[in-house]
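Going by the numbering used here, the sequence shown opens with residue 5, and the numbers climb by one from there. Single-structure report; data block below.
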Amino acid sequence: MRSPFGTFRNLPRSIWALFAVRLVISAGNFVFPFLTLILSTKLGWPADRIGLFLTMTQASALPGVFFGGKLSDRIGRKHIIIGCQGAAAILFIVSLFIGYKPILPFLVAAASVALSMAWPVSGALVADIASPEERKSAYALLYWGNNLGFSIGPIAAGFLFHRAPGLMFLGNACALMVSIFILLRFVPEQKHAREEKPASDQEAAHSGSLWTVITERPTIIVFALLVAMMNFVYSQSGFSLPLYLNERLGERGAEIFGTAMTVNGLTVVFCTLLISRISAKTAVLPLMAIAGILYALGFGLLALPPSFLMVMVSTVIWTWGEILSATNINVFIASKTPASHRGRMQSFVSIITNTGSLSAPVLAGAIINASGSGAVWPVVFFVALAAGVLMLGLGAWERAHGR
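Written out as structure tokens, the structure is:
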């Protein structure tokens, strides 16, 4: 039996360096997973105010996301990534000395905006470095590294949350600085896209504007909107889930949430390579449909009375959906995008897909205030199920039109 690592061994050295960057950043990602609890338990904010704040934070990042993608097409991906990560590290260091003051949420929000600008640029950089045949493996490897680190970070942050919260901010800053060193040392700048033979006509260089590219490829818009629906569901893992566990289980809620996030990371660590290998020959859209169904089952399970075991089982199920989604989204986008427009298209699609994450806190916050945190789960069940069915429909449309 061939090793599941076989498809990753021959990836370019720069992809492995980006894997290390993702690993380090996610292992030191202490603050963001616990931001909802920081705002609720440390600063006393109600759920609707937290939801509005998180929504406004994500909304404020959208112009920067597109601007960062446009700049990366012109001056290079690596410069943008390093600048954004450096700015976030400085903001975390300032937060360390500020403490739990009213300005703290806005410093963390600014760091979130900076890192959001870098994320789609990183996706474009992977497409520049990896050949079309290597991309699925490259994106899967980076996603695996991200979650390998994330399996460590939340459980450490859960321990520090009540005992030494300042170290959460310091750890985040140090991780970002280490990642910058790796980028500078091991990842050469890719000022222009690789000059490989396009895998399809849709990847050939294009002299028109981004809008022209988009109108010639309408399935990208539909796909992005369906991913936005799935992101609305997935975002409940960081917003509604901690509030739900805190409401139903009291002080144990924070520890169970931290453990659930660790189980999420460990599931990715142990299942990504296997799932990627099994699904390697399957088209993207059917896999995205399965991801939507797994989201519906996993998050829908939370409508039952919570227990430690139930939360862990739920987490494993929706994490399988996360694996399928995260390892296929960028593959679909890259296959439909001219090499000359990768940064802009990645950023544009990110803006659309982020509307799901952006709307999640404010809509879920309103539901929680009106009916309690348990009322969220039936809603997200039907949203995820609808997204999965519509992904199947989009796949059927593409096959009918020879796409």
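Positions of the beta carbon are idealized from the N, C-alpha and C atoms, including for glycine.
Trp-49 carries a coil assignment under DSSP once its states are collapsed to helix, strand and coil. Between Glu-402 and Phe-173, the alpha-carbon positions lie close to 46 angstroms from each other. Per the coordinates, the alpha-carbon of Pro-290 lies some 27 angstroms from the alpha-carbon of Asn-14. DSSP places Arg-221 outside any alpha helix (DSSP H), giving it a letter other than H or E.
Cβ atoms of Leu-108 and Ser-120 stay farther apart than 8 angstroms, at about 19 angstroms. Considering only Val-353, Gly-80, Ile-279 and Phe-261, the residue with the shortest C-alpha distance to Pro-310 is Phe-261.
Spanning the alpha carbons of Gly-304 and Tyr-248 requires a straight line of approximately 13 angstroms. Taking a cut-off of 8 angstroms on C-beta distances, the region 296-303 does not touch the region 262-277, as fewer than three cross pairs fall below it. In the DSSP annotation of this structure, Phe-34 is not part of any alpha helix (DSSP H), being labelled neither H nor E. Asn-235 sits in a helix when the DSSP states are folded into three classes.
Within the region 56-129, the runs of alpha helix (DSSP H) that reach at least 4 residues and sit entirely inside it are, in chain order, 81-102.
Here Lys-285 carries a coil assignment [DSSP, helix/strand/coil]. In the displayed model, Ser-141 falls within a helix according to three-state DSSP. Just measuring C-alpha positions, the residue of Ala-379, Leu-129, Phe-36 and Ile-279 sitting nearest Ser-244 is Ala-379.
Ile-156 sits in coil when the DSSP states are folded into three classes, being neither helix nor strand. By the Cβ neighbour-count rule, Lys-285 is exposed, with fewer than 16 other Cβ atoms within 10 Å of its own.
When the five nearest sequence neighbours on each side are left out, the beta carbons in the same chain lying within less than 6 angstroms of the beta carbon of Ile-29 are those of Ala-179 and Ser-183, in order along the chain. A residue is called buried once 16 or more other Cβ atoms fall within 10 Å of its Cβ, and Ala-228 is buried on that count. Straight across, the Cα-Cα distance linking Ala-368 with Arg-17 is about 42 angstroms. Inclusion of Asn-150 and Arg-26 in the CB contact set at 8 angstroms is warranted, their separation being smaller than that value.
Scanning Gly-87, Ala-391 and Lys-340 for the CA closest to the CA of Pro-222 turns up Lys-340.
Looking at the backbone, the Cα of Met-233 and that of Leu-95 are separated by about 31 angstroms. At a Cβ-Cβ threshold of 8 angstroms, Val-387 and Val-237 count as neighbours. By the criterion of a C-beta distance shorter than 8 angstroms, Asn-334 is surrounded in its chain by Gly-127, Val-130, Ala-131, Arg-139, Tyr-143 and Gln-350, once the five residues flanking it on both sides are discounted. One alpha carbon belongs to Ile-355, the other to Gly-48, and they sit about 31 angstroms apart. Taking Met-316 as the centre and dropping the five residues before and after it, the same chain places the C-beta of Thr-263, Ala-264 and Val-267 closer than 8 angstroms to its C-beta, in chain order. A residue is called buried when at least 16 other Cβ atoms come within 10 angstroms of its Cβ; Ser-375 does not meet this threshold and is exposed. Ala-118 has its alpha-carbon roughly 28 angstroms from the corresponding atom of Thr-216.
With respect to the C-alpha of Gly-257, the residue from Ala-370, Phe-163, Phe-101 and Met-60 having the closest C-alpha is Phe-163. Cβ-Cβ distances below 6 angstroms link Leu-58 to Pro-365 in the same chain, with the five nearest sequence neighbours on each side left out; the list follows chain order. Gly-153 sits close to Ala-31, with the two beta carbons spaced by under 8 angstroms.
Here DSSP, grouped into helix, strand and coil, assigns Thr-341 to coil. For Phe-70, the CB contacts under 7 angstroms within the same chain, skipping 5 residues up- and downstream, are Ser-351, Phe-352 and Ile-355 in chain order. Residue state for Thr-331 is assigned as coil, using DSSP reduced to three classes.
Around the beta-carbon of Lys-105, fewer than 16 other beta-carbon atoms lie within 10 Å, marking it exposed. Residue state for His-166 is assigned as helix, using DSSP reduced to three classes.
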